[in-house]
Structures are given as C-alpha cells and as structure tokens.
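K.L.:
The sequence shown begins at -5 in the working numbering and counts up one residue at a time. Glycine included, every Cβ here is placed at the ideal spot set by N, Cα and C. Before we start, here is the structure in question, set down as structure tokens.
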Amino acid sequence: MALDGVGSSIICGTYCRAESLTTARGHDVIILIVECGFTDCQSTISTITDSSGLKFIQRVSFAPNDKIWEYYARTTFPLKSDNISVVIPGIYNWGMQVLAIRNANTRSIFEQSPRFPITLSCLGPGGISVTTCTAPMGAVDHDFIIASTAINDAGACTPSSGFAELGGGGGDGVLDIDYQIVSMPQGNFVLTCSGNDPVAMVADAISLPNAFGTS
C-alpha cells in the first residue's frame, strides 16, 4: 500500500475549492478531507462534483466546533487531471485535501475495529486553545493511518514519530493532514499533533491487503 497521488489546488468559483488528481493505477481508494472554519462553521457542504464521474460516500461528519468531513470513492481506472470540486456556501475560510491510496484492501476498505474512525475535540474547558492534541488508537496492524486536524489558522502539526506530513489543502492554514503506513503489529498506537493550535481531529485507518486474512 502506498500513495498513488495527492491533489493539487486549482482555481474554482466563489465559496468553492477544487483539486486536480492524477494517479498511476486504477482500483485506488480516493479519500477526500474537508475542514470548515477556525473554531466554528456556520454552513455545510452543498455539492461535491468529480470530472471523472466518481461518487464520493460520506464516512465522517464531525462538528464539535468547526467541521471536518471525510469522504471516499473507488476507481477502476487511472485518473488524469481529475477535477474534484467542493462548495460550502457563504464560507471563505476552509480547506480540502484529496489523496489516492493504491493496493488497499479490496474486501474491506476501512479498519473493521469499532474504534475507527476516531473523532476528537482538542479544545480545553470553555473552548480554551491548546498546543497539543493526542489521539490514542490502540492496537493497529496492516493499516494506512490518516489523521486530519483542524489547526485554527496556525502552522502545520509536529506529528508523532513515523508520521509524514501530507499537507493542508490550500485552505488558509485551517487543515493539517499526516499519515503513516503500519505494516507490522503495533500496540497502543498514538498520534500527537503538537506545536500549533489544534481544534479537532479525525483519525482513520484504511486496510492493507492481508488484513483480517483478506486480499
């Protein structure tokens, strides 16, 4: 399992953001992350359009203060300059990121543990800002771990050891995404986002082949 493409920001209309995605292979899992607002969001996604005809399915909608959504789609063919566009009416301060994962588990895309997806509000009592947010994930194995953090117009996370920075989707510094491929069993797996202004976090796990004895 590996990344097969990461979306790059392209011009879109009012209240719209879009990314262009090119992949080398078919049969990828496409993940779309959207984050709205700094500490709150007074709107919601109205449309998601894809120039290649992909249909995105909602996996997560988390709104403790701002809002984070996670969607996924599957391809049967390589993508070339695929345009994924999202509209959130009335909102300027939001971000999105698209990525393609190759060789994901074809029988069960996501980790079957009821722990996932993990959703976490990072603000302190009374909505006080913090500089560190930690998501305990428990035991993981044969997973592509992706963590999406709302960062309140701050800099990128300093993630836990082993995680790679994917980017923030050109959303005025509102979204940070980190990932790690876990190919061997790990107990008490944890991601910590530190050194910035985390507001909320969504962590998910996409299954590698051979997870649960499947391929």
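Distance, Cα to Cα, Ser3 vs Ala150?
P.N.:
Computed Cα separation, rounded: 17 Å.
K.L.:
Which whole runs of the beta strand (DSSP E) in the region 39 to 103 are 3 residues long or more, in chain order?
P.N.:
Fully enclosed beta strand (DSSP E) runs of 3 or longer: 41 to 44, 51 to 56, 61 to 68, 76 to 81 and 88 to 96.
K.L.:
Hey, could you find the ends of the beta strand (DSSP E) Asp172 is sitting in?
P.N.:
Its beta strand (DSSP E) spans residues Leu169 to Val176.
K.L.:
Determine the direct distance from the alpha carbon of Arg68 to that of Lys74, and round the result to whole angstroms.
P.N.:
Roughly 15 Å separates the two Cα atoms.
K.L.:
Does the Cβ of Phe71 have 16 or more other Cβ atoms within 10 Å, making it buried, or fewer, making it exposed?
P.N.:
Exposed, because fewer than 16 other Cβ atoms sit within 10 Å of the Cβ of Phe71.
K.L.:
Please report the Cβ distance between Ala135 and Pro192, rounded to the nearest whole angstrom; I am assuming they are in contact, meaning their Cβ atoms lie under 8 Å.
P.N.:
For clarity, residue 135 is Asp in the given sequence; the question names Ala instead. Asp135 to Pro192, Cβ: 26 Å. No contact.
K.L.:
Is Asp170 buried or exposed, if buried means 16 or more other CB atoms sit within 10 Å of its CB?
P.N.:
Looking at its Cβ environment, which holds 16 or more other Cβ atoms inside 10 Å, Asp170 is buried.
K.L.:
Given that a residue counts as buried once 16 or more other Cβ atoms are within 10 Å of its Cβ, and exposed if not, what is Gly120?
P.N.:
Label assigned to Gly120: exposed.
K.L.:
So Ala12 and Ser79 are supposed to be a Cβ contact under 8 Å. How far apart are they, rounded?
P.N.:
Indeed, because the Cβ distance is near 4 Å, the residues count as touching under 8 Å.
K.L.:
Measuring straight from C-alpha to C-alpha, what distance separates Thr8 and Pro83?
P.N.:
One C-alpha to the other measures close to 8 Å.
K.L.:
Are Val92 and Ile139 touching if we call contact CB-CB under 8 Å?
P.N.:
Result no, Cβ atoms of Val92 and Ile139 do not sit closer than 8 Å.
K.L.:
I need the DSSP call for Gly156, collapsed to helix, strand or coil.
P.N.:
It is coil, neither helix nor strand.
K.L.:
Thinking just about the alpha-carbon of each residue, which of Ala144, Gly1, Phe183 and Asn87 is nearest to the one in Thr17?
P.N.:
Checking every option, the nearest Cα to that of Thr17 belongs to Gly1.
K.L.:
Return the chain-ordered list of same chain residues with a C-beta closer than 7 Å to the C-beta of Asp(-2), the five sequence neighbours on each side being excluded.
P.N.:
Correct list, in chain order: Thr17, Ala18, Arg19, Asp22, Ala94, Ile95 and Arg96.
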